[in-house]
Structures are given as C-alpha cells and as structure tokens.
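These protein sequences, in sequence, are chains A and B. Using the working numbering, read the first sequence as starting at 34 and increasing by one per residue. Using the working numbering, read the second sequence as starting at 34 and increasing by one per residue. Glycine included, every Cβ here is placed at the ideal spot set by N, Cα and C. Since the structure is predicted, the reported quantities are computational estimates derived from the model, not experimental observations.
2 protein chains.
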Amino acid sequence: MLYSLEAGGKRIRPLLLFATLAAFGADTKKGLQTAAAIEMIHTYSLIHDDLPSMDNDDLRRGKPTNHKVFGDAFAILAGDALLTYSFQIITETPAEWANAEMKLNLIDELSKAAGAEGMVGGQVADISGEEKELTLNELEYIHIHKTGKLLECSVISGAILSGAEKETINILAEFAYHLGLAFQIRDDILDLEGTEDIIGKPVGSDTYNNKSTYPSLLSLEGAKKSLHQHIQQAKSKLKETGLNTSLLEEITDLIETRDH
Amino acid sequence: MLYSLEAGGKRIRPLLLFATLAAFGADTKKGLQTAAAIEMIHTYSLIHDDLPSMDNDDLRRGKPTNHKVFGDAFAILAGDALLTYSFQIITETPAEWANAEMKLNLIDELSKAAGAEGMVGGQVADISGEEKELTLNELEYIHIHKTGKLLECSVISGAILSGAEKETINILAEFAYHLGLAFQIRDDILDLEGTEDIIGKPVGSDTYNNKSTYPSLLSLEGAKKSLHQHIQQAKSKLKETGLNTSLLEEITDLIETRDH
C-alpha cells in the first residue's frame, strides 16, 4: 500500500480539493482526510489497471509496478485495502472539521465517483472499447467516467467541506467536468508532442496501441481547439461562482500547458 | 456483479445481522442496506480470492467462478465495484432507520472489518503462510481476520442499528468471535468428514493442498472438542446480554452441526 502511495505523481486530486477549500476561504486542513482518501482510490485504480490481466504495465512513474515487486496476489490485495481504507479515513475526519452529515455526503459522492457509476464503469467501457474505433461520444464517456468523476469528486468534496450551497456545488461540478476533459485531451496531445523523458512513457504509444484519442478523432489541431474551449468553459464556470478562485484558475492554466 | 451476488451461498452474515436486530426487538427492515453491503463485501472477496493469481478456483457454489465467465479483468473490476458500492448503500439507509452518526459508525466498523486490519489482512497472512506448517496461533490469526471480522461486523452492525450500548456491543462481539472460530473449525472438520456432494468441494482437499487445519494441529478429536468449547462460550456470551437471543442461539447450534 505504501509503496504505491509513496511513488509520487502529480497529486492533482488533493490539489483540486485544497484549492476549492481555499476558494471558500476555508481552512485547508479540513480536507486532509478526504484528500488522502481520494488519492488512495486513485492509487488503487493504478495498481489494478497495471495488472497483467488489465494493461500489463511494468513501470509506473519510473518505478516497477506494484505487482512486479510484490506479485499479482498482493497487488490485488493492496488495491483492495487502499480502496477500503479510503472510506474509513473519511469517517475519521475530526468532528470540528466535518459533521456526520458532511462525512456521509463525502462518502456518498466518493463511492459514486469511484464505483460502477463512475471510475470502474469507465474502466469497463475502456476495456470493452479496446482495438475498436470509438466515436467521440464513446471516447468522452470513457474519460468522463474513468478520470473525470474522481477529479469532479475532489472539487465537490472541497465544496461540501466548506458547507457550500447545492447551487454552488453544481456550478463547481460543471467546472470540474470541463477541467477533466481538458486534462484528458492534453494527455492525448502529449502522447504525440511530448518528450519521452518528461511524460514518462514512449511518445506515440496510443497510436502504437491503436487507441482512439482526441487527435485521432479530431486531428491534432482540432484537439488543441477543443482543449482550449474546455479550459475557457472551466474558467467561465469559476467566475460564475463568485468565489475567490485564483488557485483553481492557476491549476486550470497549468492543465492547458502542462508537459507531463 | 450480479452473477456472483446471485450465485447464492449460506447468507450467514445477513442472517446474523437480522437475528441480532431481532434480539433487540428491532424492526429487521432496518438492516437491509447494511446486510446487503456486508454480503457484497463477502462476495467481492470470493471473486478476488478465486482469481488465477490467488486460489485459482474454477468453481464456486457449483457454478463457474466469475473470472471463468467474464475474464480476469472484469472479475477484478466487478469485485472493486461491489466493494465500493457496499459503502454507498449504507449511506442510502432511510433516515427513519438510522441517523447519520449510526451510518458513519456502520461504515467505520465495516471498513475496519474488511480492510488491512481485518479480512484483507487475514488473506495476506493466509497467502504468506501457504505451504508452511502453521502454529495454532498463526492459524487462528488467519481465521479471526479472514472470516471472523466480517461475521463479527454483521453482529455489531445489528447492535448499532438497534441503538445498543457500547457494553452490550462488546459482549456481542465476543459472542461473534467464538462463533467465527467455531464456523471455521467446523469447516475444517467437514473437509475430512463431509460428503463431496453436500460441501461442494472434494473431501480432503485441505490435506491434499498441505494446509494447516484445526484437525491437523489438534487431531480430529481435539478439533471437535475445541468446536464444542467455542459453541458453549458463544452461547454463554449470548446469555450475558440479557436479550431475547433465541434466533442467534439457533444459528449457533446450526454452526456446530452444519453439513455444508
């Protein structure tokens, strides 16, 4: 469990949660447990995705994948335990930072974002669509569920912990929706234009693996245009909230220009 | 997810939860969501345990195992989604049956019972101890965690939903501890004395697989004696609660004499 948690990564989900708390002027410490929970769920999903029966990857963030070090059985169990612990750690949020209703709300959002309606559903669609030419709708379904829902959950969780109104939470969820798609389009572009040393995997591996991507469906230029549109829509949603969203805007800009 | 949930089984965990509610004179409907959650966690653990990298079993309850029908990737994901959904469904317990504090308490108990401190920890110890001659202490550690914790959680959950005092919950947890060990000792005895058609697996498979069992460590007679002792201790704990525990006693008797 620790091996994969400590392998690093961008920590984009915790960052989004803390930046959302900051937008409300709330104490970012409130988000520690939930941010850890979401990062543990992200980490478990990587451990299981890397397994031989899934993507069969030997390297993750420049280190041998979990199953390469500990074997498939322990990798499956480490993932199971991380997923389970994520719910426990939310219940352990100190009472002065979240009341019981808030914690239940966080658990409800996280289980939906991570489960069959969310991330796992996206992974199932991804596997089912392998080696097929996907439509743009099918590609977006996969990304919205496989990556988008957990990113959205990070933002929603920050809002819940800040005691936000339902209406504001909905606007922030739309922000996160566009941010999530932008994140994925940038990923596809980096696969074509990135530098192997920086992105940490061979350039062009999507093309090599016959994967449908935004550039393959929209052309590289079309993908860049779509990326920029989603970034603009994300920022316009941030404005709509009327909150002090400078940190969230900064993250949004980074997602458009990131090189890894 | 449905294929494995609907494959049947003894449903001993839901039965224990409902029988505990009955002992308090509480409405058993209160337990529906939590009983489903615990059975989903039990089911996910069987799906993952049956995988080629774990026990590599082709049959479960007379039907092909999940990965034999859907492939390893979807079996892993079905397990992940069942585990995730179990926490969601507890949050969905109607408010008239459980308040927010109770639901959080249920989620906390379930995550501890199912995770690294509980069931997954037991499975890790089980795999680590394969092909080794275990001591009785090591064998009990495995059973207490791999099977016992979730059985105990079923009883504790029924008590939480009944609004029980901490002291009564502790006595019931001790009841469940002895019941869980009795359950496992009976399992080991059935492996030697059972009928293949009834227990659903070849008689003597533990011996064949070189597994340490109660009969191998205590002799068959010693195992039967220990089984009876745990049954007696379980029943004495039930008496101590002062509740109307007739259904729980009936389940306890069934566990001593069950033939599958």
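Checklist entry - What residue from G41(B), A40(B), G58(B) and L35(B) has the CA that sits closest to L280(B)'s CA? => result The candidate whose alpha carbon is nearest that of L280(B) is G58(B).
Checklist entry - Assuming A70(A) and S144(A) make a contact with CB atoms under 8 Å, what is their CB distance in whole Å? => result In this structure A70(A) does not touch S144(A) by the C-beta definition: roughly 11 Å separates them, more than the 8 Å allowed.
Next on the checklist: Taking the alpha helix (DSSP H) that M73(A) belongs to, which residues open and close that run?
Outcome noted: Counting along the chain, the alpha helix (DSSP H) containing M73(A) begins and ends at L65 to D82.
Item to check | Three-state secondary structure assigned by DSSP to P85(A) | outcome: Annotated three-state conformation of P85(A) is coil, per DSSP.
Checklist entry - Is the segment 195 to 204 of chain A close to the segment 153 to 169 of chain A, with three or more CB pairs under 8 Å? => result They do not touch, by the three-pair rule.
Checklist entry - CB D113(A) to CB L116(B), shorter than 8 Å? => result Taking a C-beta distance under 8 Å as the contact criterion, D113(A) and L116(B) qualify as a contact pair.
Item to check | Secondary structure of R46(B), DSSP reduced to three states | outcome: The answer is helix: DSSP assigns R46(B) an H, G or I state.
Item to check | Backbone CA spacing between H293(B) and E185(B) [nearest angstrom] | outcome: Computed Cα separation, rounded: 20 Å.
Next on the checklist: I want to verify the contact list: residues of chain A whose CB lies under 7 Å from the CB of L136(B), in sequence order.
Outcome noted: Just to set this straight, residue 136(B) is Lys in the shown sequence, not Leu. Near K136(B) (Cβ distances below 7 Å), the residues of chain A are L137.
Next on the checklist: Below 8 Å on the Cβ atoms is my contact criterion, and I expect T53(B) with G181(B) to pass it. Report the Cβ-Cβ distance as a whole number of Å.
Outcome noted: The distance from the Cβ of T53(B) to that of G181(B) is about 16 Å, inconsistent with a contact at the 8 Å cut-off.
Checklist entry - When you compare each of T240(A), T246(A), L287(A) and N243(A) to H261(A) by their alpha carbons, which one comes out closest? => result Closest option to H261(A), judged by alpha-carbon separation, among T240(A), T246(A), L287(A) and N243(A): L287(A).
Checklist entry - If we call anything under 8 Å between Cβ atoms a contact, is T274(B) one with I193(B)? => result No.
Item to check | Span of the alpha helix (DSSP H) around E142(A) | outcome: That run of the alpha helix (DSSP H) goes A133 to A147.
Checklist entry - Mapping DSSP to helix, strand and coil, what is K258(B)? => result In the structure shown, K258(B) sits in a helix (DSSP, three-state: H, G or I).
Next on the checklist: Cβ closer than 8 Å: which chain A residues qualify as neighbours of H81(B)?
Outcome noted: Near H81(B) (Cβ distances below 8 Å), the residues of chain A are I109, L110 and D113.
Checklist entry - What residues in its chain sit with their C-beta under 7 Å from that of R291(A), if we drop five residues either side in the sequence? => result R219, listed in sequence order.
Item to check | Paired residues, beta bridge with L92(B) - DSSP | outcome: Beta-bridge analysis with DSSP links L92(B) to P97(B).
Checklist entry - Along chain C, which residues have their Cβ under 8 Å away from the Cβ of K145(B)? => result The displayed structure is made up of protein chains A and B, and chain C is not among them.
Checklist entry - Got a sec? Which residues, its chain only, sit under 6 Å from A68(B) by beta carbon, not counting five neighbours each side? => result Cβ contact annotation for A68(B) (same chain, cutoff 6 Å, sequence separation greater than five): P47 and L50, in chain order.
Next on the checklist: Only counting the same chain, and skipping five residues up and downstream in sequence, which positions put a Cβ closer than 8 Å to that of D60(A)?
Outcome noted: Within the same chain, D60(A) has close Cβ partners L54 and W130.
Checklist entry - Quick one, are the C-beta atoms of Y174(A) and A158(A) less than 8 Å apart? => result When the beta-carbon positions are compared, Y174(A) and A158(A) come within less than 8 Å of each other.
Checklist entry - If you measure from the beta carbon of M7(A) to each beta carbon in chain B, is any gap under 8 Å? => result Lying before the first or after the last residue shown, residue 7(A) is absent from chain A, which here runs from 34 to 293.
Item to check | Closer than 8 Å to chain B by CB, M34(A) | outcome: Residue-level contact check: M34(A) touches chain B, since one or more beta carbons of chain B fall below 8 Å from its beta carbon.
Checklist entry - Which of the three DSSP states, helix, strand or coil, is assigned to T278(B)? => result Three-state result, T278(B): coil.
Checklist entry - What residue ranges within the segment 171 to 258 of chain B form continuous beta strand (DSSP E) runs of no fewer than 3 residues, ordered along the chain? => result Counting only runs of 3 or more, we get nothing.
Next on the checklist: For a test of the three-state rule: what should DSSP assign to M34(B), helix, strand or coil?
Outcome noted: Here M34(B) carries a coil assignment [DSSP, helix/strand/coil].
Checklist entry - For A40(A), which of K96(A), G64(A) and E72(A) has the nearest alpha-carbon? => result Among K96(A), G64(A) and E72(A), the Cα nearest to that of A40(A) belongs to K96(A).
Next on the checklist: What does the alpha-carbon distance come out to for the pair Q66(B) and E283(A)?
Outcome noted: If I take the Cα positions, the gap works out to 42 Å.
Checklist entry - Of all Cβ atoms in chain A, is any one closer than 8 Å to the Cβ of T124(B)? => result It does: the Cβ of T124(B) has a partner Cβ on chain A nearer than 8 Å.
Next on the checklist: Check whether chain A comes within 8 Å of I189(B), counting only Cβ atoms and requiring the distance to be less than that.
Outcome noted: No, no contact with chain A.
Checklist entry - Is the Cβ-Cβ distance between L214(B) and T285(B) less than 8 Å? => result Not in contact: L214(B) and T285(B) (Cβ atoms no closer than 8 Å).
Checklist entry - So, is D91(A) buried or exposed, given that buried needs 16 or more other C-beta atoms within 10 angstroms? => result Label assigned to D91(A): exposed.
Checklist entry - N99(B) and I74(B): beta carbons closer than 8 Å? => result The answer is no: Cβ separation not under 8 Å.
Next on the checklist: Please classify L35(A) as buried or exposed, where buried requires at least 16 neighbouring CB atoms within 10 angstroms.
Outcome noted: Exposed, by the Cβ-count rule.
Item to check | Limits of the alpha helix (DSSP H) - the one that F120(A) falls within | outcome: The continuous alpha helix (DSSP H) containing F120(A) extends over residues D105 to T124.
Checklist entry - What does G181(B) reach in chain A if we use C-beta pairs closer than 9 Å? => result Within chain A, no residue comes near G181(B); the closest Cβ sits about 17 Å away, beyond 9 Å.
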